[in-house]
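Numbering (the numbering used here), first residue to last: 886 to 1406. The C-beta atom is built at its ideal place from N, Cα and C for all residues, glycine as well. Report on one structure; see the data block that follows.
See below:
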């Protein structure tokens, strides 16, 4: 339902719009004023998202998740995967009319590589990259080792003007809320604690059909929902099943969805001896009886897609196996053969003196508790009792990666990103704190080599083959059950037509801005 609260009343009274914008969005922003420099303040998703309206990257993600040219006119990768060459279009300009050149690319990378740059993950992605400016319109990047994901890394780096970005990172962070010259379809006309006003960039490669955008800044989804329901905004981002359901209840709201780059998984602690999860038979039985389609239909209608593999469904150029139907008979037969039997139908299975009871750790973050309760109901008829351990979201990751695991299974949302390289979760040497391989599987160097091929190859055909091999290996060892892919949703009024890509992160909702239309006021 639409939530009421004092916060939004204060924001509404302080906000003073000028002429109505062609497009108005209620935007949840952690920090207000919003950083208009997408390299700073990236802990706020709104900063990253709005950056897509203001800045181009050399590459962007295409409709199937593969990187395609954006700011670059063309690009190429050497046969050995070590060198990436980019050519810019001649005559491209920033929104203030100054020339956009390869020097801007090099300057942007230099800031990210500087010792005082505050975003550790972004800095790590660029740490071993050598950049050379070959001409005003050509730049070469050389890697220390091949990385199939590097094109995605390039797509995630907005290019900023040299004259701005050449300042120390600390100074850039201090002025990040000021409007800067941009290269995307829009430039910032004004910005304060209540709203960001964008107008068409006069030097954009193509003028956007909607010439003005108003981004109303709000502290929480409930506040943004109230503004949307009152007709004061044309659109609203919903990132959870609950938010999507609430937005859909607003009269006249239209919901559009994208397949995201995360997966929800049940992770097994394979070192948990009393629970039986050290035995592949128990893990396979659990995987066989779970009804993914039923779970999504009951608890996540319209908000997720069932999934049976580790690579995010939003990466559509990688093959994904069909979702299997649950097979309770096979699961029971598997447990019987492993010595886990029930004295009577519905009783908890035992082997020797051990009972088949699993402790499932779950973040309290919506909608995971509802999903966990559904899993409890699906496993109980098989003779597996599941005890839920609900954990505060702020504590969940630390408990998941702790050396002393206090769980048998964990229900987790894994943010893999738009590249199929899943080494950080599954390679043998990626145990915490280096990575997030928490299942405790014994090292498998054949599997590691398949992961390395998936991580290092730049040829899509070879990467697809490696992804299929990784999926087969994980299906055989069953360290996890892959349940579903959450969708990213946008609610709009009937006054606008805002197409979305089939797949993408929340920022990709702005990628089809050239197709936006206002239907009526």
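Pop quiz: residue i and residue j are said to be a contact at Cβ under 8 Å. What is the actual Cβ separation, rounded to whole angstroms?
i            : j            : result
residue 1307 : residue 1195 : 5 Å
residue 923  : residue 940  : 6 Å
residue 1129 : residue 1374 : 4 Å
DSSP state of residue i, grouped into three classes?
i            : result
residue 1269 : coil
residue 1177 : helix
residue 1153 : strand
residue 1254 : helix
residue 1342 : coil
residue 960  : strand
residue 1315 : coil
residue 1100 : strand
residue 898  : At residue 898, the pLDDT of 36 sits below 50, so the modelled position is not reliable and the matter cannot be decided from this model.
residue 1391 : helix
residue 1212 : coil
residue 986  : coil
residue 1058 : helix
residue 1353 : helix
residue 1236 : strand
residue 910  : strand
Can you tell which of the options has the C-alpha that lies nearest to the C-alpha of residue i?
i            : options                   : result
residue 1270 : 1241, 1249 and 1301       : 1241
residue 1089 : 961, 979, 949 and 1002    : 979
residue 917  : 1080, 1300, 946 and 1388  : 1080
residue 1376 : 1346, 1141, 1005 and 1154 : 1141
residue 974  : 1021, 1053 and 1048       : 1021
residue 1222 : 951, 1167 and 1041        : 1167
residue 1041 : 1345, 1179 and 947        : 947
residue 1254 : 1297, 1268, 1109 and 1289 : 1297
residue 1058 : 1003, 1035 and 1019       : 1003
residue 1294 : 1300, 1285 and 995        : 1285
residue 1347 : 1203, 936, 932 and 1260   : 1203
residue 1170 : 1264, 1335 and 1099       : 1264
Would you say residue i faces chain B, with C-beta separation under 8 Å as the test?
i           : result
residue 960 : This model lacks chain B altogether, as it is built from one protein chain only.
Between which two residues does the beta strand (DSSP E) containing residue i stretch?
i            : result
residue 921  : Here residue 921 belongs to no beta strand (DSSP E), and DSSP marks it neither H nor E.
residue 1026 : 1023–1028
residue 937  : Not the beta strand (DSSP E): residue 937 falls in the alpha helix (DSSP H), residues 930–939.
residue 1106 : Note, residue 1106: premise wrong, no beta strand (DSSP E); alpha helix (DSSP H) at 1106–1114.
residue 1075 : 1071–1076
residue 954  : 952–954
residue 1081 : 1080–1085
residue 1015 : 1014–1020
residue 1123 : 1120–1123
Which stretch, first to last residue, makes up the alpha helix (DSSP H) that contains residue i?
i            : result
residue 1284 : 1278–1285
residue 1129 : 1126–1133
residue 1007 : 1005–1011
What are the partner residues of residue i, as DSSP defines its beta bridges?
i            : result
residue 1298 : 1149
residue 1246 : 1274 and 1295
residue 969  : 962 and 1026
residue 1141 : 1375
residue 1334 : According to DSSP, residue 1334 bridges with nothing at all.
residue 1369 : 1149 and 1191
residue 1382 : 1402
residue 1043 : 942
Just to check, is the beta-carbon of residue i closer than 7 Å to a non-hydrogen atom of the ligand FMN?
i            : result
residue 1106 : Ligands are entirely absent from the displayed structure, and the ligand FMN is therefore not among its contents.
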